[in-house]
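Report on the structure given below.
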């Protein structure tokens, strides 16, 4: 059965969102139709404003509503340590641990020849410019532990090594709640290689 | 129906939807195939640490439910990987170059004999990239032998028109050298190439892949070889490889020579 054109248009737009298929889009559309006018307006405003108000931080390139972002402005953050991540979502994941008190640098992706993403497509020169003045003592390479992320980390290490900065890579190993029986032998091998003393 | 476990090499992985991945595989039984790994981004048990480029797997694949649909990857277990390709950006770029060639040119539903040959080529080529000096010479030679493995072997010894010699130049459109007599009847597009360049490239096609790095190719011969192979690939493949630009950037860029 065909719905009224405005509903069809809404369903078609919702379907463009990741993970939303025809059924979910239709359910969401009818939920919105049944919602109070002010709630629908608030949602529409929030969607419109997020595109208008969000910019990239001029220092770390995270998404922010004010540049420099809150983390780059914070006086109590360690300016000598930079954690390099691929995307803003990765920054949010590291920040969510509450355990890192340094600053960040968002590369904007990882090297991926098959997708045509080379060094010039990433914010590598900007990272070098941040490291060059000499205040930064450690760069933590927190790109994803897949082939692209590993290759990017090694490429960055080659580029940054002449600066004399300490270069570290996030550890590889078993996830919390993981099961050795189901882990691949590379992960288990790396976990053993990176084992640490029990305190 | 789920087929028995088979070997596969991961050529490319693309995120799909909220939690799925589409995996492009090269298999020794059917050539290239794409399969969907449902829930692969969420599940830590079904595909742990397996769906990554360069990974050599044992996979179980359910056949397509309808023609033109995607096969379904049910399970994957890691058999081997090429760690040296992840720890050096130039090797990574060269490895990706090999994978892209195979991903775009290897046939689907290949004859088992061809599929086995291509699979063996892929593994040997990646092993070579992992240990040989990663430079412009290796790139040219790899591209040439990859084209040969994919069925585009240039004629580098005898004239493609009359079978005679010696070569007076390379005719890209006809995929081979032409002799002096035949060259006079060529309207255009003849690429002048030194005998040393042709000897080196011809030698590359005869050498076992594992010994390709022993071949000497440098200076103007390397530049000529690069031109010949690149034009041959562009003309006969008819597409630009995305990893080509990356390789140019990384072989000439600030990290060049770090390998």
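Chains as they are written, first to last, in my numbering: chain V, 86 to 284; chain D, 31 to 289. Cβ coordinates follow ideal geometry from the N, Cα and C atoms, glycine included.
From the options, pick the residue whose C-alpha is nearest to that of residue i; which is it?
{"i": "residue 241(D)", "options": "136(D), 142(D), 63(D), 168(D)", "result": "168(D)"}
{"i": "residue 178(D)", "options": "34(D), 263(D), 46(D)", "result": "263(D)"}
{"i": "residue 150(V)", "options": "254(V), 140(V), 217(V), 251(V)", "result": "140(V)"}
{"i": "residue 238(D)", "options": "188(D), 151(D), 229(D)", "result": "151(D)"}
{"i": "residue 202(D)", "options": "47(D), 268(D), 40(D)", "result": "268(D)"}
{"i": "residue 134(D)", "options": "193(D), 272(D), 94(D), 114(D)", "result": "272(D)"}
{"i": "residue 260(D)", "options": "131(D), 190(D), 225(D)", "result": "131(D)"}
{"i": "residue 162(V)", "options": "131(V), 132(V), 186(V), 270(V)", "result": "186(V)"}
{"i": "residue 104(D)", "options": "85(D), 116(D), 121(D), 80(D)", "result": "80(D)"}
{"i": "residue 251(V)", "options": "258(V), 257(V), 242(V)", "result": "242(V)"}
{"i": "residue 129(D)", "options": "117(D), 172(D), 107(D)", "result": "172(D)"}
{"i": "residue 75(D)", "options": "120(V), 106(V), 264(V)", "result": "264(V)"}
{"i": "residue 35(D)", "options": "255(D), 58(D), 165(D), 99(D)", "result": "58(D)"}
{"i": "residue 278(D)", "options": "44(D), 101(D), 120(D)", "result": "120(D)"}
{"i": "residue 50(D)", "options": "43(D), 70(D), 41(D)", "result": "70(D)"}
{"i": "residue 93(V)", "options": "177(V), 224(V), 104(V), 111(V)", "result": "111(V)"}
{"i": "residue 47(D)", "options": "67(D), 56(D), 39(D), 117(D)", "result": "67(D)"}
{"i": "residue 246(D)", "options": "43(D), 163(D), 114(D)", "result": "163(D)"}
{"i": "residue 155(D)", "options": "221(D), 84(D), 220(D), 215(D)", "result": "84(D)"}
{"i": "residue 236(V)", "options": "114(D), 236(D), 181(D)", "result": "114(D)"}
{"i": "residue 211(V)", "options": "190(V), 158(V), 195(V)", "result": "190(V)"}
{"i": "residue 40(D)", "options": "275(V), 284(V), 135(V), 232(V)", "result": "232(V)"}
{"i": "residue 244(D)", "options": "139(D), 184(D), 161(D)", "result": "161(D)"}
{"i": "residue 142(V)", "options": "134(V), 152(V), 136(V), 135(V)", "result": "152(V)"}
{"i": "residue 230(D)", "options": "258(D), 282(D), 215(D)", "result": "258(D)"}
{"i": "residue 259(V)", "options": "197(V), 275(V), 234(V)", "result": "275(V)"}
{"i": "residue 54(D)", "options": "266(D), 138(D), 220(D), 158(D)", "result": "138(D)"}
{"i": "residue 158(D)", "options": "141(D), 125(D), 184(D)", "result": "125(D)"}
{"i": "residue 91(V)", "options": "108(V), 102(V), 104(V), 118(V)", "result": "118(V)"}
{"i": "residue 249(V)", "options": "220(V), 102(V), 261(V), 256(V)", "result": "220(V)"}
{"i": "residue 110(D)", "options": "276(D), 94(D), 153(D)", "result": "153(D)"}
Say yes only if the C-beta of residue i is nearer than 7 Å to one or more non-hydrogen atoms of the ligand GDP, and no if none qualify.
{"i": "residue 201(D)", "result": "Ligands are entirely absent from the displayed structure, and the ligand GDP is therefore not among its contents."}
Determine which residues share a DSSP beta bridge with residue i and list them.
{"i": "residue 209(D)", "result": "197(D)"}
{"i": "residue 161(V)", "result": "In the DSSP output, where bridge partners are listed per residue, residue 161(V) has none listed."}
{"i": "residue 46(D)", "result": "50(D)"}
{"i": "residue 88(D)", "result": "37(D), 107(D)"}
{"i": "residue 62(D)", "result": "56(D), 138(D)"}
{"i": "residue 251(D)", "result": "Looking at the DSSP assignment, residue 251(D) forms no beta bridge with any residue, so it has no partner."}
{"i": "residue 166(V)", "result": "223(V)"}
{"i": "residue 220(D)", "result": "201(D)"}
{"i": "residue 149(V)", "result": "140(V)"}
{"i": "residue 202(V)", "result": "197(V)"}
{"i": "residue 185(D)", "result": "206(D)"}
What did DSSP end up calling residue i once you bin it into helix, strand or coil?
{"i": "residue 189(V)", "result": "strand"}
{"i": "residue 154(V)", "result": "coil"}
{"i": "residue 266(V)", "result": "helix"}
{"i": "residue 258(D)", "result": "helix"}
{"i": "residue 195(V)", "result": "coil"}
{"i": "residue 140(V)", "result": "strand"}
{"i": "residue 93(D)", "result": "coil"}
{"i": "residue 240(D)", "result": "helix"}
{"i": "residue 67(D)", "result": "strand"}
{"i": "residue 275(D)", "result": "helix"}
{"i": "residue 265(D)", "result": "helix"}
{"i": "residue 81(D)", "result": "coil"}
{"i": "residue 279(V)", "result": "coil"}
{"i": "residue 103(V)", "result": "coil"}
{"i": "residue 233(D)", "result": "helix"}
{"i": "residue 89(V)", "result": "coil"}
{"i": "residue 208(V)", "result": "coil"}
{"i": "residue 171(V)", "result": "coil"}
{"i": "residue 281(D)", "result": "helix"}
{"i": "residue 284(V)", "result": "coil"}
{"i": "residue 72(D)", "result": "coil"}
{"i": "residue 176(V)", "result": "helix"}
{"i": "residue 183(V)", "result": "coil"}
- Message: Using 8 Å as the cut-off, can you tell me whether the region 136 to 151 of chain D makes contact with the region 58 to 68 of chain D, which would need three or more C-beta pairs spanning the two stretches below that distance?
- Response: yes
- For the 8 Å Cβ check, are there 3 or more pairs between the region 248 to 258 of chain D and the region 81 to 100 of chain D? no
- Item | Cβ pair count under 8 Å reaching 3, the region 161 to 176 of chain V against the region 212 to 232 of chain V | yes
- Segments of 3+ residues assigned as beta strand (DSSP E) that fall wholly inside the region 100 to 180 of chain D: 101 to 110
- Task: Jot down the residue ranges of each uninterrupted alpha helix (DSSP H) in the region 220 to 273 of chain V, minimum 4 residues, whole runs only, in chain order.
- Result: 232 to 245
- Evaluate the contact criterion for the region 191 to 208 of chain D versus the region 223 to 237 of chain D: three or more CB pairs, one atom per stretch, below 8 Å. yes
- Evaluate the contact criterion for the region 205 to 219 of chain D versus the region 179 to 188 of chain D: three or more CB pairs, one atom per stretch, below 8 Å. yes
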